[in-house]
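Report on the structure given below.
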Amino acid sequence: MPVSITHVIGTVALLGMLIAVGFAFSLISSVIEADLMKGQLGDVAEYVALNLGEVISLVDASNYPGVTMTKAIELPETISGKSYNIMLLNQTGLGCYVQASMVSRPDVYARSLIPLNITGSGVWLRDETVKAPGSWWWTYLGDKVIPTNGTSAGFRYLVWAHWEREIEAGLGRENPSAG
Amino acid sequence: MHTIYEYLFTGLIIVAIVVASATMLTSISMPLKMISEREQLKVTTEKLLSQVLLSTGSAPLADGTVTADWGRNLNVAGADLTSFGLAKQSETTRESFVLDVDKVQRLNFSVNSLRVEPRSVATSLQLGNDYGFALEIFPVLNVTVRPPKVTGSSEEYPVLVRNNEGMPIPGASVTAEMYYIVNGYVANLSASSVSGTPKELGNFTVSFDTRGVSNKTAFERSKTLALSVDYEGTRSIQFRRYGTGTYDAYVLGDCLFHSGSAAKSSGSIFEVITYRRGSSSYFRNVTFTLTNATTAADGGYARYQMSYLEPSAIGFMFDDGSKVWVASRSVFFYGPGGFSTIPSASTFPLGSQLQRVVTIADQAYVFRLYLWRMSW
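Those sequence lines, one after another, are chains A and B.
Numbering of the first sequence is given in my numbering, commencing with residue 65 and proceeding in unit increments.
Numbering of the second sequence is given in my numbering, commencing with residue 695 and proceeding in unit increments.
In structure tokens form, the structure reads like this:
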């Protein structure tokens, strides 16, 4: 009888420990996975920031009011099999950033600076909700580009910049319904 | 009692397996993370290079406006820059990778108050304390002028033309003029011959016949060599002083600076300009006036205002009676001591490096950017 009680205690303790170390292991692997996802998000954010910075510089160099430039970019459909978002941030006093974050885990994100100027003034990053066709964005982007915020699988994305009194820039996707 | 030991031993084995697995996971993920960070550093370098070469940069002025032509504006200090870029400002569409000579010269300008420090650049590029960087700018054509051989009525200047890998450039076109000041006027002496010695190895000898020089004393005091090397549309120009009475001066915008105090309140400035015809370059000189001699804000330098600055001027000469001041529009900084956030370092830290060929004052230069993380 005393032997079987020892076995019961030992087995319960082992099970408890298994659950505890399993939980600890999943926590560790989740931190490592988040770290790797952050790296991939950082790659995407840097890539978008590079291309956005280039079209902004080219529009600025054109010195021609009303000019719009777009550049196609290749974005991965998912990161580690999961959806992600791209946001353009213009934080007063901090400058302009591209932020990429996981949809399921908003705490996992990476930012990349668009090195335009210290104050972020003079450049208007379009990161609000997509406007309806016919609104002023569409006037200069035409019907081939849909301004967008975030990514979805199966679309071709581009960065765009437009110069009027100041530079407006944003992320867009090709409009599949346009010819 | 033995049974408990068995369970404890089993538990220990499970913990050891989990710890080993976690360690393996971390060690497997580390190289992937490092690769990703290196790739990001490369993209960041490319991003910064585009910003520096394609953007004009900007600085606010006292009247509330913002100027993109901040290089020649002497009221703009380095710390005033709100964004950093070296592209040449233009009223019409700008040419890509054409840099403003005044903005570039600001990076290692002799007058402290007008120099743009690496820290100011890092701040305006928003690099913070995360990154360090260095810039190198040097001519595409590596032109070396060796000490002249003076024999009687002839002066011979050996010129070596190489590319940046040290390979000779045999087919280059070399043009040279010697400028000197006599009785308050500038005179020039064209090269009597440019011969290859041997030309196939990129070695040239530029010879001047000094028999026609009427005032040898003035010639020896102020002689300055203007040398242009052209190769397949790529050009490198040097304006080197050889006269015994010549000293270095500096030009920024339409102002001339020299060390010490102004000996004259005004005078004549001789600007040497260059133009191309076919595959060769030619020199001309024009005369304008210098006025408003003042002392530069941080002392130690005299400052003159030029009545006009020729856009294609490559060299300047000013005789104040006691000294002949010579300024050139050429740019050169190389190595960690050139323009770097850690000028005291003997080598650049491990990081990313990217270069482009740019045009500055109608000459071809290599513009190289080094970027490294301050911590990984």
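Ideal placement from N, C-alpha and C gives every residue a C-beta, glycine not left out.
Just so it is clear, the structure is predicted and the values come from calculations on it, not from any experiment.
| Item | Value |
| --- | --- |
| Taking the alpha helix (DSSP H) that B:R732 falls in, what are its first and last residues? | H696 to L748 |
| Is B:V980 buried or exposed, if buried means 16 or more other CB atoms sit within 10 Å of its CB? | exposed |
| Using a Cβ-Cβ distance under 8 Å, would B:Y701 count as near chain A? | yes |
| At a CB distance below 8 Å, what residues from the region 98 to 111 of chain A approach chain B? Give them in sequence order. | D99, L100, G103, Q104, G106, D107, E110 and Y111 |
| In chain A, which residues lie less than 7 Å from B:G811 when you measure between Cβ atoms? | Before going on, a small fix: residue 811 of chain B reads as Glu here, not Gly. Correct list: empty, because the minimum Cβ distance to chain A is about 15 Å. |
| With a threshold of 7 Å (Cβ to nearest heavy atom), would B:F902 be considered close to the ligand ADP? | Annotation note on the ligand ADP: not contained in the displayed structure, which lists no ligands. |
| Should A:I137 be flagged as near chain B, meaning a C-beta pair shorter than 8 Å? | no |
| Checking the sheet assignment: what are the DSSP bridge partners for B:R971? | B:S974 |
| When DSSP builds the beta bridges, which residues end up paired with A:M151? | A:Q163 |
| Strictly by DSSP, which residues pair up with B:G826? | B:W1066 |
| Pull the bridge partners of B:S1022 from the DSSP assignment, please. | B:G1009 |
| With DSSP as the reference, label B:P852 as helix, strand or coil. | strand |
| Using only alpha-carbon positions, find the residue among A:R220, A:D171 and A:L152 that is nearest to A:A109. | A:L152 |
| So the beta strand (DSSP E) B:S752 belongs to, where does it begin and stop? | G751 to P754 |
| Per DSSP, what are the beta-bridge partners of B:V795 in this structure? | Paired residue(s): none; B:V795 is not in a bridge. |
| Relative to the C-alpha of A:P170, which residue among A:L139, A:V123, A:K102 and A:E230 is closest? | A:K102 |
| Chain A partners of B:T697, CB-CB under 9 Å? | V67, T70, H71 and G74 |
| Counting only beta-carbon atoms, is B:I708 nearer than 8 Å to chain A? | yes |
| Find the residues of chain B that neighbour A:A164, judging by a C-beta separation of less than 8 Å, and give them in chain order. | What A:A164 touches in chain B: nothing, since even the nearest Cβ is about 12 Å away. |
| With a threshold of 8 Å between beta-carbons, can B:G705 be considered close to chain A, or not? | yes |
| Terminal residues of the continuous alpha helix (DSSP H) containing B:T904? | Counting along the chain, B:T904 falls outside any alpha helix (DSSP H), and DSSP gives it neither H nor E. |
| Is B:I1054 closer than 8 Å to B:V795 when the C-beta atoms are compared? | yes |
| Which residues, in order along the region 219 to 240 of chain A, keep a beta-carbon less than 9 Å from a beta-carbon of chain B? | none |
| Would you say B:L808 and B:L780 are within 8 Å of each other, going by their C-beta atoms? | no |
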